[in-house]
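2 protein chains.
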Amino acid sequence: MSSRIPIIHRRALLSGAAVLVAVGLPRIAIAEQADPLPSWNDTAPKQAIRTFVESVTRDGGHDFVPPAQRIAVFDNDGTLWGEQPMYFQLAFAIDRIKALAASHPEWKETQPYKAALEDDTKALAASGNKGIMEILAATHAGVTTEAFADTVAEWLQTARHPRFQQPYDKLVYRPQLELLAYLRANGFKTFIVSGGGVEFMRVFAERAYGIPPEQVVGSSIFTTLQIDAEGKPQLIKQPKIEFVDDGPGKPVGINRFIGRRPILAFGNSDGDQQMLEWTSAGDAPRLAALLHHTDAEREWAYDRASHVGKLDKALEEARLRGWTVVDMKRDWKRVFAFEPKGAL
Amino acid sequence: MSSRIPIIHRRALLSGAAVLVAVGLPRIAIAEQADPLPSWNDTAPKQAIRTFVESVTRDGGHDFVPPAQRIAVFDNDGTLWGEQPMYFQLAFAIDRIKALAASHPEWKETQPYKAALEDDTKALAASGNKGIMEILAATHAGVTTEAFADTVAEWLQTARHPRFQQPYDKLVYRPQLELLAYLRANGFKTFIVSGGGVEFMRVFAERAYGIPPEQVVGSSIFTTLQIDAEGKPQLIKQPKIEFVDDGPGKPVGINRFIGRRPILAFGNSDGDQQMLEWTSAGDAPRLAALLHHTDAEREWAYDRASHVGKLDKALEEARLRGWTVVDMKRDWKRVFAFEPKGAL
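Written out as structure tokens, the structure is:
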């Protein structure tokens, strides 16, 4: 038998920090736990988050919630990544219209395609729901689910955000990545519940956020099963909306896909209001939070008057109900992982 | 510092068996691994399952599949629990009709309610889709999602299966519980993908199978968000079918809810055929399995001619494609956890 000194070190990700744990011996040297949320300033929201997580994970405590019930839901656009100057999925759709235009010469003279080809977002908006549905059909349907995912993956590799000149999936918020990791290290299961297209988000959610496809809830179009020429089954995306996971659709989507009420919900717009209400209406301790975009210098500043990510009624309700409002400028030490060099 | 001999034992659930692992030292005493599938006879299906699991988990091996992609899907009725003499959810619906009949005196003279009240399954079947929809509306809709779950939970506590005189959720198959645990111990994520109602199954799936609500995919009716008299949001179940998770609906449901192709699929009827085809059509190593009910003594024997769980075309395809067919009589040492005492 060895006479080696019996200190066995095991790295354990506890509270988001690597901690040295002495196994099977009196704990003689526990390193001070590092801050699991280093990109957050020590302001009220960070305190509220830490207090909440500590209270629901304190074994035997009054507010203890078993791990299986620690469901956390996050909106995506404007909550986990940026959404200006337009939803990134719309940027993808416009780029797809451009890529497909050579096979559709008539698009140069036909709305809403003409607007997309000319980056005329005003004309595109004027085309209304009918126009958006046509763009959606041309760019998201008529292909297999796998071909669509490949197209999104390729776009994420090649497209650049107009302001920051970064791939779109680099515009994820570093403080939120820390929060997701902190929650998971404390036994939470993290979900996306977003108005965005579920098959669009699933392409990058696992890599960008550590959220696997089966924990992404979003809007969808129908798919149908078809057998191809070689006898292989294929799922084909159809130009028909199946589910809109926005506003009152969010509690419905949570019920349908997750099947239990979250104890933490994080959004940034009026489209998240019902999700926060639904989460807050449960019996157990709950945390409802909104990200308020207040930082035109590092990101953007917008709320009540914005066409994208409008935050108006939900902000009122947050004040009435005591929801946590994260002020990006005040509460976040950093916004992105990269150092912004874009024109401001 | 202690001079204790540095053997640190840690219990680890590996392959379903508690194994002593010497941490940080040469492994000097690994106990022989217990059989993770003790209710399975040592026939071909058990060998196929073990070979498959070992091959996809062998780090560096040719067939290795990363844990995140180890998705296993199981049908429920007839695959994880019984389905005779009628789908258990239909037994629930009939019991609900009886429980609600006092408030609906007209049901005594009106089909399909009369058939349900008189246990006349022939007349019930004759009422067709329209009749089934009426029963569904009367027993599954018009209530909050939470009230419905409470009703199912109460029914599971009080109702008894007519043959075995056991609560319905005791009619789960012990070999399958072992298989689910074995898969999870090997990094698989286990899902139900069933034609049954998702909100019905979620009530017992976690307790009975260790499968949490967010990993249950099933058929559904619509829900809508309403604000009650106290200002609280409620989800109300509506008498309108949203999704039928059966046949070609299973690959569609897998794509919608899970978002990636399983590597293992287990069913028992023609309603599972497309799920097995979809699973088998992937690139990675796959296991597709069917449970063949061949045991009239311990359970039931039925296949091509059965109205419940008809197994005909899928059985042919299993033979053509080399899918694993589990013959209950031959391959299972035990069927249930309880010792059957029911009339045979």
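Residue numbers (UniProt numbering), protein chains in the order written: chain A, 1 to 344; chain B, 1 to 344.
The beta carbon of each residue, even a glycine, is placed where N, CA and C say it ideally should be.
Under 9 angstroms, Cβ to Cβ, is there at least one residue of chain A near residue i?
| i | result |
| --- | --- |
| B/A68 | yes |
| B/G197 | no |
| B/T324 | no |
| B/K232 | yes |
| B/S220 | yes |
| B/I71 | yes |
| B/A296 | no |
Contact criterion: CB-CB distance below 9 angstroms. Does residue i meet it with respect to chain D?
| i | result |
| --- | --- |
| B/R256 | Although the question refers to chain D, the structure presented lacks it and instead comprises the protein chains A and B. |
Secondary structure at residue i, three-state DSSP: helix, strand or coil?
| i | result |
| --- | --- |
| A/L291 | strand |
| B/F188 | coil |
| B/K237 | strand |
| B/S306 | coil |
| A/T43 | coil |
| B/W155 | helix |
| A/G142 | coil |
| A/I258 | coil |
| B/T279 | helix |
| B/A99 | helix |
| residue 346 of chain B | Outside the modelled stretch of chain B, which goes from 1 to 344, sits residue 346 of chain B, for which no answer is possible. |
| B/G195 | strand |
| B/V252 | helix |
Counting only the same chain and skipping the five closest in sequence on each side, list residues whose C-beta sits under 8 angstroms from that of residue i.
| i | result |
| --- | --- |
| A/G61 | S55 |
| B/A125 | H307 |
| A/I97 | W107, Y113, A116, L117, I135, A138, T139 |
| B/S103 | none |
Step through the CB atoms of chain B and report whether any lies within less than 9 angstroms of the CB of residue i.
| i | result |
| --- | --- |
| A/V56 | no |
| A/S269 | no |
| A/K189 | yes |
| residue 345 of chain A | Coverage of chain A is limited to positions 1 through 344, which leaves residue 345 of chain A absent and any answer about it impossible. |
| A/L235 | yes |
| A/L225 | yes |
| A/Q89 | no |
| A/E277 | yes |
| A/E206 | yes |
| A/T145 | yes |
| A/A314 | no |
| A/A289 | no |
| A/P212 | yes |
Pick out whichever of the options has its Cα sitting closest to the Cα of residue i.
| i | options | result |
| --- | --- | --- |
| A/A174 | A/L320, A/V326, A/P38 | Residue identity differs from the one stated: residue 174 of chain A is Arg in this sequence, not Ala. A/R174 has its Cα closest to that of A/P38, out of A/L320, A/V326, A/P38. |
| B/A208 | B/A138, B/T144, B/K170, B/V143 | B/K170 |
| A/K237 | A/F64, A/I97, A/A289, A/S220 | A/S220 |
| A/F266 | A/T190, A/K108, A/L156, A/R184 | A/T190 |
| B/F338 | B/K232, B/R298, B/E277 | B/R298 |
| B/Q69 | B/D270, B/D35, B/D283 | B/D283 |
| B/A181 | B/F204, B/G210, B/L156, B/L320 | B/G210 |
| B/W81 | B/E214, B/T144, B/G259, B/N268 | B/N268 |
| B/D95 | B/L156, B/D59, B/R321 | B/L156 |
| B/E230 | A/I254, A/A281, A/Q234, A/T79 | A/A281 |
| B/A44 | B/E154, B/K240, B/T79, B/G322 | B/G322 |
| A/D246 | A/P239, A/K240, A/I254 | A/I254 |
| A/Q47 | A/M133, A/L179, A/T151 | A/L179 |
| A/G259 | B/P233, B/F257, B/E214, B/Q226 | B/E214 |
| B/G187 | B/R58, B/Q226, B/F74 | B/R58 |
| A/F257 | A/P67, A/V198, A/A147 | A/V198 |
How is the alpha helix (DSSP H) around residue i delimited, first residue to last?
| i | result |
| --- | --- |
| A/V203 | 198–209 |
| B/A123 | 121–126 |
| A/L80 | A/L80 -> no alpha helix (DSSP H), and no H or E assigned at all. |
| B/L320 | 313–321 |
| A/L117 | 113–117 |
Starting from residue i, follow the beta strand (DSSP E) in both directions and report where the run begins and ends.
| i | result |
| --- | --- |
| B/L264 | 264–267 |
| B/D245 | B/D245 -> no beta strand (DSSP E), and no H or E assigned at all. |
| A/F164 | No beta strand (DSSP E) holds A/F164; DSSP gives it neither H nor E. |
| A/A68 | Per DSSP, A/A68 belongs to no beta strand (DSSP E) and is neither H nor E. |
| B/D327 | 324–327 |
| B/L225 | 216–227 |
In chain order, what residues of the same chain have a beta carbon less than 7 angstroms from the beta carbon of residue i, not counting five sequence neighbours either side?
| i | result |
| --- | --- |
| A/A76 | One detail in the question is off: residue 76 of chain A reads as Asn in this sequence, not Ala. Counting only Cβ-Cβ distances below 7 angstroms, and skipping sequence neighbours, we find I192, S194, G196, M201. |
| B/A301 | H293, T294, D295 |
Less than 6 angstroms between C-beta atoms, sequence neighbours within five positions excluded: which residues of the same chain meet that for residue i?
| i | result |
| --- | --- |
| B/K250 | V193, Q274, M275 |
| residue 348 of chain A | Residue coverage of chain A in this structure runs from 1 to 344, which leaves residue 348 of chain A outside it and unanswerable. |
| B/V325 | L290, H292, A318 |
| A/D327 | H292, T294 |
| B/V244 | S219 |
Does the beta-carbon of residue i, which I'm using as the reference point, lie nearer than 8 angstroms to any heavy atom of the ligand MG?
| i | result |
| --- | --- |
| B/V308 | Absence of the ligand MG is noted for the structure shown, with no ligands found whatsoever. |
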